[in-house]
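Sequence lines, in order, name chains A and B. Quick note on numbering: the first sequence equals residues 1 to 248 in my numbering. Quick note on numbering: the second sequence equals residues 249 to 496 in my numbering. Below: one structure, written as structure tokens.
Number of protein chains: 2
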Amino acid sequence: MLKKERHSLIIKQVNLHNKVLSADLALQLNVSEDTIRRDLNEMDEAGEIVKVHGGALSRSYHYPFKYSDVYAADAKKKIAHKAISLIKDGMVILTGGGTTMIEMVGMLPKTLSATIFTISPLVALQLADHPLITVILIGGQFSKNSQVCVGPQVTGYLNEIRFDFCFLGTNGISLSDGVTDSDLDIVQVKKSMIRSSNKLAVMCIAEKLNSSQRIRVCELSQISCLITDLDPTDQILQAYSRENIQLY
Amino acid sequence: MLKKERHSLIIKQVNLHNKVLSADLALQLNVSEDTIRRDLNEMDEAGEIVKVHGGALSRSYHYPFKYSDVYAADAKKKIAHKAISLIKDGMVILTGGGTTMIEMVGMLPKTLSATIFTISPLVALQLADHPLITVILIGGQFSKNSQVCVGPQVTGYLNEIRFDFCFLGTNGISLSDGVTDSDLDIVQVKKSMIRSSNKLAVMCIAEKLNSSQRIRVCELSQISCLITDLDPTDQILQAYSRENIQLY
DNA sequence: TCGAAACCTGCAATAAAATGCAATAAATTT
DNA sequence: AAATTTATTGCATTTTATTGCAGGTTTCGA
């Protein structure tokens with residue numbers, strides 16, 4: 001039994017059950033628990049699973065989305081705060097998902113009246129106690145990774161409507177590649193979202209600036225506003241300003 | 249049971265009910281209350297929940313609570329458990345919202361493969377870590393009261409598809425009025441859901457049996473299965489059995 | 001204020017992990 | 001092909017983690 005072979009079997013197990021016990025794996029794969037532990041540690045290093053005492057968990061299981069966002073929470077709050085200033089009474093807005101977005105809608109003033117279309121169930125739920133905002137959840141296949149709706153149902157639906165403003169979070173933005181993402185389904189939806197909106201605001205924490213993912217979402221020229229946790233006068237941002245992007 | 253696994257389960261409970269009691273968790277997860285307390289303390293440290301005397305609260309929603317208000321999840325668990333036994337591999341299922349429903353999908357065995365359409369964002373989210381179930385969230389206007397999607401978008405969409413089974417919770421069911429509800433938007437959606445499904449399973453806790461709300465959802469004759477927390481042989485249920493309803 | 005319930009602390013039993021080491025298996029070089 | 005290096009594995013030992021329990025203390029709600 002090759003090590004790689006073992007690893008792929010372990011991944012399968014983890015994906016299927018969301019958890020594995022070292023002892024079980026040792027028995028199944030007919031190696032010592034020490035070997036399994038070493039395997040799990042390597043796979044944890046590689047980010048494939050999360051090693052815990054006694055075994056391992058799938059990443060999605062270990063970090064229940066809602067609270068994984070202690071990460072860079074301050075930055076996201078700052079961004080959310082700036083984003084809100086762009087929203088005016090009566091606007092029809094389209095939003096993606098992500099912790100920053102959830103943070104943002106949670107901070108919307110109770111006196112603001114607007115219509116928000118979203119592909120994110122969490123965004124909708126967050127708005128459940130807002131008195132004046134009408135929420136339309138755009139349905140489709142639910143992507144378990146990103147916890148938003150994707151697929152042809154979503155893109156087809158988006159074709160029929162025009163929005164004032166589209167708010168998107170991103171994991172990659174750079175001068176050379178524009179806005180990029182790692183999941184093809186998401187990218188297709190984001191492209192539709194951008195196409196259907198008059199203006200596009202991209203929200204990005206500073207550390208993701210000038211980094212790229214695999215798949216292109218859009219060019220810099222399509223962005224109206226770039227919202228980061230940095231000061232708009234920050235050196236790093238000036239190159240984006242030259243692309244006709246309004247900085248916040 | 250892995251410690252982190254327990255933590256994940258606890259977070260789910262907290263998100264679902266906004267609060268948990270240590271004693272309940274100890275029973276459910278089959279560990280001592282001391283262990284639960286240690287878990288809750290750690291999770292509080294990590295910022296995932298808020299520990300309070302007697303249990304824990306969700307971070308986003310921590311109001312003080314008394315010992316007196318214990319949520320009656322037991323009945324709902326029983327119902328959920330019975331409902332699951334109706335679901336077979338490969339089925340295409342439609343579900344409404346409500347805590348019982350969320351409880352149910354959370355308990356679905358990881359080896360079950362099925363397609364679940366739902367109007368409830370919470371149901372979709374609850375299924376995010378299920379390896380084999382395809383989730384389609386049906387979009388539309390998000391109803392803030394009931395936390396599900398309603399409106400013409402939903403009913404229109406439902407017209408196009410046929411489902412094997414529809415699962416609905418209800419607040420009112422009686423011999424004279426059939427299934428009833430208090431929210432017109434919801435009722436319209438429920439009617440569509442029933443029309444699009446071959447079979448209808450209604451889930452109802454015992455105390456709601458033989459009670460009526462304002463607006464009619466459907467006749468008893470349209471119900472295939474009635475799932476309660478009572479024993480199917482219970483006296484109260486026999487009248488329903490005479491209506492050709494299968495009792496669970 | 002009182003009694004019950006929940007809490008905390010330290011302790012012991014058990015289980016899992018880390019570490020160092022030797023044996024074997026693969027890969028690489030000569 | 002032989003020799004050398006490197007990687008992998010299992011085992012023994014030590015260290016750490018997890019858990020339940022006993023006890024004394026605090027908190028809660030009536």
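Idealized CB from N, CA, C, for every residue including glycine.
- If you draw a straight line from the Cα of Cys204 (chain A) to the Cα of Leu230 (chain A), it comes to about 10 angstroms.
- In terms of Cβ geometry, Val450 (chain B) and Thr403 (chain B) do not form a close pair [threshold 7 angstroms].
- Using a Cβ distance threshold of 7 angstroms, Lys199 (chain A) and Ser224 (chain A) count as a contacting pair.
- Counting the other Cβ atoms within 10 Å of the Cβ of Asp34 (chain A) gives fewer than 16, which makes it exposed.
- Counted as a single uninterrupted DSSP element, the alpha helix (DSSP H) harbouring Thr403 (chain B) occupies residues Pro400 to Asn407.
- With a 10 Å radius around the Cβ and a threshold of 16 neighbouring Cβ atoms, Lys88 (chain A) comes out exposed.
- DSSP assignment within the stretch 348 to 432 of chain B yields the following whole alpha helix (DSSP H) runs of 4 residues or more, N-terminal first: 369 to 374 and 400 to 407.
- A distance of 7 angstroms or more separates the beta carbons of Val148 (chain A) and Asp181 (chain A).
- When 8 angstroms is used as the limit between beta carbons, Cys149 (chain A) is near these residues of chain B: Leu385 and Gly387, in chain order.
- If the five residues before and after Ala206 (chain A) are omitted, its C-beta is found closer than 6 angstroms to the C-beta atoms of Thr228, Asp229 and Leu230, all from its own chain and listed in chain order.
- Per the Cβ contact rule, the stretch 356 to 372 of chain B is in contact with the stretch 381 to 393 of chain B (3 or more Cβ pairs under 8 angstroms).
- Contact between the stretch 83 to 103 of chain A and the stretch 162 to 169 of chain A is present, with at least three C-beta pairs closer than 8 angstroms.
- Under a criterion of Cβ atoms nearer than 8 angstroms, the residues of chain A adjacent to Ala372 (chain B) are, in order, Pro121 and Phe142.
- The DSSP-derived three-state label of Ile471 (chain B) is coil.
- Per DSSP, the continuous alpha helix (DSSP H) segment holding Ala83 (chain A) begins and ends at Ala73 to Ile84.
- In this structure the stretch 181 to 197 of chain A does not touch the stretch 99 to 106 of chain A; the number of beta carbon pairs closer than 8 angstroms is below three.
- Contact between Gly140 (chain A) and Gln126 (chain A) does not hold, since their C-beta atoms are separated by about 19 angstroms, which reaches or exceeds 8 angstroms.
- For Ser197 (chain A), no alpha helix (DSSP H) segment is defined; the enclosing uninterrupted segment is the beta strand (DSSP E) at Ser197 to Met203.
- In the three-state scheme derived from DSSP, where H, G and I count as helix and E and B as strand, Ser256 (chain B) is classed as helix.
- The Cβ of Val92 (chain A) sits no closer than 7 angstroms to any Cβ of chain B.
- Your pair Gly345 (chain B) and Leu370 (chain B) checks out as a contact, with CB atoms roughly 6 angstroms apart and the cut at 8 angstroms.
- Burial is judged here by how many other beta carbons sit within 10 angstroms of a residue's own beta carbon; Ala124 (chain A) has at least 16 and is buried.
- What Lys252 (chain B) touches in chain A, judged by beta-carbon distance under 7 angstroms, is Val52, Leu57 and His62, going in chain order.
- In the structure shown, the three-state DSSP call for Ser306 (chain B) is strand.
- If the five residues before and after Asp433 (chain B) are omitted, its C-beta is found closer than 7 angstroms to the C-beta atoms of Ser391, Val398 and Gly399, all from its own chain and listed in chain order.
- For Gly420 (chain B), same chain residues with a beta-carbon under 6 angstroms away, outside a window of 5 residues either side, are Thr428, Ser459, Ser460 and Gln461 in chain order.
- Judged by beta-carbon spacing, Ile258 (chain B) lies beyond the 7 angstroms limit of Ala274 (chain B), meaning their Cβ atoms are not closer than that value.
- Annotation for Ile93 (chain A): the continuous beta strand (DSSP E) segment containing it runs Val92 to Thr95.
- In the DSSP assignment, Arg38 (chain A) falls within the unbroken alpha helix (DSSP H) covering Glu33 to Glu45.
- Membership of Leu269 (chain B) in any alpha helix (DSSP H) is not indicated; the residue belongs instead to the beta strand (DSSP E) covering Lys267 to Leu269.
- Of all residues in the stretch 356 to 367 of chain B, only Lys358 place a beta-carbon less than 7 angstroms from a beta-carbon of chain A.
- With fewer than 16 other Cβ atoms inside 10 Å of its own Cβ, Leu2 (chain A) counts as exposed.
- Within the DSSP bridge table, the entry for Arg490 (chain B) names no partner.
- The Cβ atoms of Gly426 (chain B) and Glu491 (chain B) lie no closer than 7 angstroms to each other.
- For Lys51 (chain A), the enclosing beta strand (DSSP E) has its first and last residue at Val50 to Val52.
- Here Leu132 (chain A) is exposed. Its C-beta has fewer than 16 other C-beta atoms within 10 Å.
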